[in-house]
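A.B. asks:
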Amino acid sequence: MKIDVVFTWVDGSDPEWIKKKDNALREAGRLSEKAIDKSRWDNKDELKYALRSIHKNMRWVNNIYIVTDSQKPSWLDETHPRIFMVPHADIFPDNEVLPVFNSRAIEACLHKIHGLSDIFIYFNDDMFVCRKTPRGYFVMEDGRLKSWAMKKQPIQAGDVDRYKHDSYVSAGVNAANLIREKWCFNTLYRMAHAPYVARKELMESLERDYIEQFDATRKERFRSYRDIPPISFFYPWYYHFSGEQEVEVIRRFSSVSNTVTLSRWRSILKLPYLVLISPRFLNFNDGKGGVPHVLRGVIAKVALSLLFFRRAPWER
1 MKIDVVFTWV
11 DGSDPEWIKK
21 KDNALREAGR
31 LSEKAIDKSR
41 WDNKDELKYA
51 LRSIHKNMRW
61 VNNIYIVTDS
71 QKPSWLDETH
81 PRIFMVPHAD
91 IFPDNEVLPV
101 FNSRAIEACL
111 HKIHGLSDIF
121 IYFNDDMFVC
131 RKTPRGYFVM
141 EDGRLKSWAM
151 KKQPIQAGDV
161 DRYKHDSYVS
171 AGVNAANLIR
181 EKWCFNTLYR
191 MAHAPYVARK
201 ELMESLERDY
211 IEQFDATRKE
221 RFRSYRDIPP
231 ISFFYPWYYH
241 FSGEQEVEVI
251 RRFSSVSNTV
261 TLSRWRSILK
271 LPYLVLISPR
281 FLNFNDGKGG
291 VPHVLRGVIA
301 KVALSLLFFR
311 RAPWER
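Following this line, the structure appears as structure tokens:
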């Protein structure tokens, strides 16, 4: 059984990319603060270490696809036979909407990657695998896929206008409303910020059934309260409730992934402990806080270089 990995990545320091983003912001007008937070596109070389973590702890992975706005990491050997760079233009059905800066819009196109295996795992570039993790962690013996949800963090179907200020919650509410219409369940739970596994065939089916919502999300250049999160929320819950139960959503009180918020000293103080114990998955968050911006990158690189010090074969 071949399983590919898909990363989404952006270099937020690229002058050409910044120019495109600034032009798009002027056209977009007023957006929520979370939608335009600069830390969303910051580049601390996380991708290099995320790929090292795959090489170290998930050697069984087949190919690795890196989806970008035609950007290329300087340290990456693109000629490696298992690495494929995928420009946004290759997977968006309508290139007129490009450029986009909305991870959910990109997420709504990942199943369109040419040559992608039927089962694939979607990683953000700030997700790291810190322990040996077999295929069985994502795919059950009967072929069903596994996802993890946070039992203490419910998402209720309801009036999305109440959450216009929070593009994260509003997207979950939009998806919950669709699932309530289909399966009559009102309460879902936030998915853990960990790698998301999906079947390409089922994503294609979901897109056909909800083409209006997929297209609307793909047209939002920045995060919006009108989005849905296609792979990271809608897909697992939809197929969990379907007649065949193709996805088993495992609800936990504790997360399968440990998050470190680089903008907060209290969170950063957890890093030495996490480096020592090597949790299953680790991810970095950012945002407003008291930690100087430059120091955040230094802290992240020191921690990641301790966890993943061996170069991967696709590094120059």
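If you read the sequence shown in the UniProt record's numbering, its first letter stands for residue 1, the second for the next number, and so on. We put the beta carbon where it would ideally sit given N, CA and C, even for glycine.
Taking residue 379 as the reference, which of D69, I54, P93 and P99 has the closest Cα?
C.D. replies: A question about residue 379 goes unanswered here, because the residues of the chain that appear run from 1 up to 316.
A.B. asks: In chain order, what residues of the same chain lie with their CB nearer than 8 Å to the CB of Y163, ignoring the 5 residues before and after it?
C.D. replies: Around Y163: V169, S170, V173 and Y225.
A.B. asks: Give the secondary structure of M85 by DSSP, where H, G and I count as helix, E and B as strand, and everything else as coil.
C.D. replies: Strand, per DSSP.
A.B. asks: List the residues that DSSP assigns as beta-bridge partners of T259.
C.D. replies: Beta-bridge pairing links T259 to N283.
A.B. asks: Buried or exposed: where does H88 fall if 16 or more other Cβ atoms within 10 Å of its Cβ makes it buried?
C.D. replies: With 16 or more Cβ atoms within 10 Å of its Cβ, H88 is classed as buried.
A.B. asks: Let me know the secondary structure DSSP gives L76 once reduced to three states.
C.D. replies: DSSP places L76 in strand when its eight states are reduced to three.
A.B. asks: If you check the beta carbons only, do P236 and S147 fall under 7 Å apart?
C.D. replies: Taking 7 Å as the Cβ cut-off, P236 and S147 qualify as a contacting pair.
A.B. asks: Please list the terminal residues of the continuous alpha helix (DSSP H) segment that includes W17.
C.D. replies: Here the alpha helix (DSSP H) through W17 covers P15 to A28.
A.B. asks: Cβ of A149 within 7 Å of Cβ of Y196?
C.D. replies: No, the pair does not count as a contact, with Cβ atoms beyond the cut-off.
A.B. asks: Check each candidate in R199, V129 and W314 and name the one with the smallest Cα separation from V139.
C.D. replies: If we check each option's Cα against that of V139, R199 comes out closest.
A.B. asks: With H, G and I counted as helix, E and B as strand and the rest as coil, what does DSSP make of E246?
C.D. replies: It is coil, neither helix nor strand.
A.B. asks: Quick one: is L206 buried, meaning 16 or more other Cβ sit within 10 Å of its Cβ, or exposed?
C.D. replies: Counting Cβ neighbours within 10 Å, L206 comes out buried, since at least 16 surround it.
A.B. asks: Buried or exposed: which applies to W314, given that a residue is buried once 16 or more other Cβ atoms fall within 10 Å of its Cβ?
C.D. replies: The residue is buried, with at least 16 neighbouring Cβ atoms inside 10 Å.
A.B. asks: Where does N124 sit, in a helix, a strand or coil, going by DSSP?
C.D. replies: Looking at N124 - three-state DSSP - the assignment turns out to be strand.
A.B. asks: For Y273, is the classification buried or exposed, using 16 other Cβ atoms within 10 angstroms of its Cβ as the cut-off for buried?
C.D. replies: Per the 10 Å Cβ criterion, exposed.
A.B. asks: Distance, Cα to Cα, N102 vs R311?
C.D. replies: When rounded, the distance between both Cα atoms is 31 Å.
A.B. asks: When you compare each of V97, F241 and V6 to R221 by their alpha carbons, which one comes out closest?
C.D. replies: The candidate whose alpha carbon is nearest that of R221 is V97.
A.B. asks: Taking DSSP as the reference, what is the three-state secondary structure of D215?
C.D. replies: Here D215 sits in helix by DSSP.
A.B. asks: Any idea what DSSP makes of M203, helix, strand or coil?
C.D. replies: Three-state DSSP puts M203 in a helix.
A.B. asks: According to DSSP, simplified to helix, strand and coil, what is F101?
C.D. replies: Three-state DSSP puts F101 in coil, outside helix and strand.
A.B. asks: My output table needs one value for E315: the three-state DSSP class, helix, strand or coil.
C.D. replies: Correct three-state label for E315: strand.
A.B. asks: Quick one, are the C-beta atoms of V61 and V129 less than 7 Å apart?
C.D. replies: No, the pair does not count as a contact, with Cβ atoms beyond the cut-off.
A.B. asks: Under 8 Å by Cβ, that's how I've got F281 and Y49 pegged, so tell me the actual separation to the nearest angstrom.
C.D. replies: Actually they are not in contact, since the Cβ atoms of F281 and Y49 sit about 13 Å apart, beyond 8 Å.
A.B. asks: Does the beta carbon of K152 fall short of 6 Å from some heavy atom of the ligand HEM?
C.D. replies: This structure lacks the ligand HEM, and indeed carries no ligand of any kind.
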